[in-house]
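Below is one structure, written out as structure tokens; comments come after it.
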Amino acid sequence: MYNVAVSDNYGIDTSLGFFDCTNFYFEIDEEDDFRRKGPSKERRLDPIVGMGLLLDANRIPIALKVFPGNESEQPVIREILSELRLRHKVPGRIIRIADKGINSAENICHTKDDGDGYIFSKSIKKLPATEMDWVLLDQDYEDVYDDKGNLQYQYKETVDSFIYSYKDQEGNKIKRTFKEKRIVSYNPKLAKKQRKEIKRQIRKADRLILSKAKRKEFGDLAKYVNFKSSDDEGNTTDNPVNISLNDAKIEKDLRLAGYNMLVTSETNLPAKQIYAAYHELWRIEESFKIMKSDLETRPVYLQKQETITGHFLICYLAVLLLRLFQFHVLEDKFSSSEILNVARNYELAKVSSRRYINLSKNAPLLRHLAQKYKLPVLNCYLDNSDIKIMLDNWF
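Structure representation (structure tokens):
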């Protein structure tokens with residue numbers, strides 16, 4: 165119903181489909197069939213519910229799926245697109261864009277079987293040695309500069325045939341080969357940021373080692389630590405666990421800082437266009453942030469699955485309206501935070517039965533609405549006719 169209204173008024177462009185998942189925690193003591201413990205994005209131990217969100221090429225939300233917190237998010241992109249096509253008869257080919265958490269052999273095979281394309285990120289750290297050598301080889305990288313002449317990133321690309329294999333639900337091994345473009349990029353600013361974070365984690369891990377902390381106290385820092393409870397010949401002993409920094413892991417992560425790989429079925433698209441399309445995923449991350457922070461979606465104090473889903477649907481519709489206003493009406497000239505600040509702080513005081521005084525602060529967005537749409541939003545005094553003009557304007 166909502167997509168029909170959006171399509172009729174603004175149009176929906178499904179040439180690109182941006183997809184990502186997040187989860188929401190529930191402050192309850194015991195799990196149920198829907199609120200289950202799983203991998204929390206915020207590293208909490210509370211039961212969670214997962215949410216998958218799909219944006220169209222114009223970065224407008226077009227589909228939502230809520231699922232139990234213990235389920236993998238990888239199948240959700242297939243389910244949400246299948247339901248979208250079934251309900252709304254979405255025509256044509258969709259290029260699916262998602263991060264490495266969604267990238268799997270099964271998802272790529274299903275994407276090709278559905279006649280769609282994909283742009284997914286891929287973990288550099290899990291590449292085979294031959295590809296890793298190609299990534300770290302300085303040759304063939306091209307520089308990309310911003311408008312001020314500063315180096316933004318470097319990239320190189322290759323097109324080849326790659327094997328994807330997985331086991332289906334019956335346990336049968338499926339093996340397919342696809343022609344694919346792979347683009348590796350190096351971002352110097354990202355490299356600096358990641359190296360700083362790695363070194364911070366190393367210092368923290370080192371302090372835990374010196375304090376003889378237990379293994380569970382290391383948490384995510386355990387990836388940079390060796391826990392050895394065997395002798396030099398590999399035999400398990402009753403001796404205390406020997407804990408030391410994993411120098412090989414640290415060296416590898418420092419060396420790979422700033423690198424990222426994109427894999428895509430769109431072998432004829434220019435690398436810079438693919439890079440730009442993928443990096444629009446931040447819009448969906450921002451949508452989740454709006455839900456969690458600005459709309460205060462969590463924590464959720466509801467019990468039944470139907471009411472929980474209804475709560476998320478209301479939040480989804482709020483983000484949908486915000487994005488329609490931001491991108492279609494305001495033409496992306498104002499950020500979501502600017503829009504929300506004006507919406508929260510626009511205030512009128514009634515001084516008589518027909519007269520109001522404007523208590524709101526002047527803002528660029530209000531000036532834009534006054535100039536382009538002739539709305540009396542900046543008037544110091546307003547009457548009932550002014551209020552009617554503002555409420556009747558549907559842009």
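In my numbering, the protein residues as written are 165 to 559. Beta carbons are placed, not taken as given, at the ideal position from N, Cα and C, and that holds for glycine. Everything numeric in this text was worked out from a predicted model, so none of it was measured.
Check                                                                                                                                                         : Outcome
Taking all protein chains shown into account, decide if Arg487 is buried (16 or more other Cβ within 10 angstroms of its Cβ) or exposed.                      : buried
Just confirm the distance between the C-beta atoms of Val213 and Phe188, as a whole number of angstroms; I'd bet it's less than 8 Å.                          : 5 Å
For my contact list, Gly233 and Arg199 are in at a C-beta cut-off of 8 Å; report their separation, rounded to the angstrom.                                   : 6 Å
Just curious, the beta strand (DSSP E) that Phe391 is in, first and last residue?                                                                             : 389-392
How do the segment 179-194 and the segment 233-252 stand: do at least 3 beta-carbon pairs fall below 8 Å, yes or no?                                          : yes
Grouping DSSP H, G and I as helix and E and B as strand, with all else coil, what is Glu195?                                                                  : coil
Span of the alpha helix (DSSP H) holding Cys273?                                                                                                              : 269-277
I'd like the span of the alpha helix (DSSP H) that includes Ala262, first residue to last.                                                                    : No alpha helix (DSSP H) contains Ala262, which is instead part of the beta strand (DSSP E) from 259-262.
Do Val348 and Met425 have their beta-carbon atoms positioned less than 7 Å apart in this structure?                                                           : yes
My output table needs one value for Gly422: the three-state DSSP class, helix, strand or coil.                                                                : coil
Residue range of the alpha helix (DSSP H) that Tyr319 falls in?                                                                                               : Segment 315-331 is the beta strand (DSSP E) holding Tyr319; no alpha helix (DSSP H) there.
When you compare each of Val464, Arg531, Glu511, Arg518 to Lys497 by their alpha carbons, which one comes out closest?                                        : Arg531
Can you give the beta carbon distance from Ser285 to Tyr423, rounded, assuming they're within the 8 Å contact cut?                                            : In fact, because the Cβ distance is near 11 Å, the residues do not count as touching under 8 Å.
Shortest alpha-carbon distance to Glu344 belongs to which of Glu511, Leu218, Arg359, Leu433?                                                                  : Leu433
Whole-angstrom Cβ separation of Lys320 and Asp304, contact assumed at under 8 Å?                                                                              : 4 Å
Check Gly265 in the structure and name its three-state DSSP category.                                                                                         : coil
Of all the options Phe182, Asn222, Thr178, which has the alpha carbon lying nearest to the alpha carbon of His492?                                            : Asn222
For His475, verify whether its CB is less than 6 Å away from any heavy atom of the ligand FMN.                                                                : The ligand FMN is not among the ligands present in this structure, which contains no ligands whatsoever.
If Leu570 sits next to Glu511, beta carbons under 8 Å apart, how far is it from one beta carbon to the other, in whole angstroms?                             : Here the chain has residues from 165 to 559 only, and residue 570 is not among them.
If you check the beta carbons only, do Asp280 and Arg260 fall under 7 Å apart?                                                                                : yes
Can you tell me which of Leu250, Val299, Leu542, Glu243 puts its alpha carbon nearest to the alpha carbon of Thr275?                                          : Glu243
Return helix, strand or coil for Leu291, following the three-state DSSP convention.                                                                           : coil
I'd like the span of the beta strand (DSSP E) that includes Asp547, first residue to last.                                                                    : 545-547
Cα separation between Phe391 and Asn406?                                                                                                                      : 6 Å
Given Glu306, which residues of its chain have a CB within under 7 Å of its CB, disregarding the five upstream and five downstream residues?                  : Gln318, Tyr319, Lys320
Considering only their Cβ atoms, is the gap separating Ala534 from Leu542 smaller than 7 Å?                                                                   : yes
Leaving out five residues on either side along the sequence, give the residues of the same chain with a beta carbon under 7 Å from the beta carbon of Ala435. : Tyr319, Glu321, Ile347
Would you decide whether Cys544 is buried or exposed? Buried here means 16 or more other CB atoms lie within 10 Å of its CB.                                  : exposed
With respect to the beta strand (DSSP E) encompassing Phe231, which residues constitute its N-terminal and C-terminal limits?                                 : 225-232
CA-CA distance, Tyr166 and Arg251?                                                                                                                            : 12 Å
Within the continuous beta strand (DSSP E) that includes Thr473, where are the two ends?                                                                      : Unbroken run through Thr473 is the alpha helix (DSSP H), 469-487; no beta strand (DSSP E).
Cα separation between Asp370 and Glu195?                                                                                                                      : 36 Å
Nearest by alpha-carbon distance to Ala507: which of Arg518, Tyr520, Gln490, Ala377 is it?                                                                    : Gln490
Under the three-state reduction of DSSP, which class applies to Asp411: helix, strand or coil?                                                                : helix
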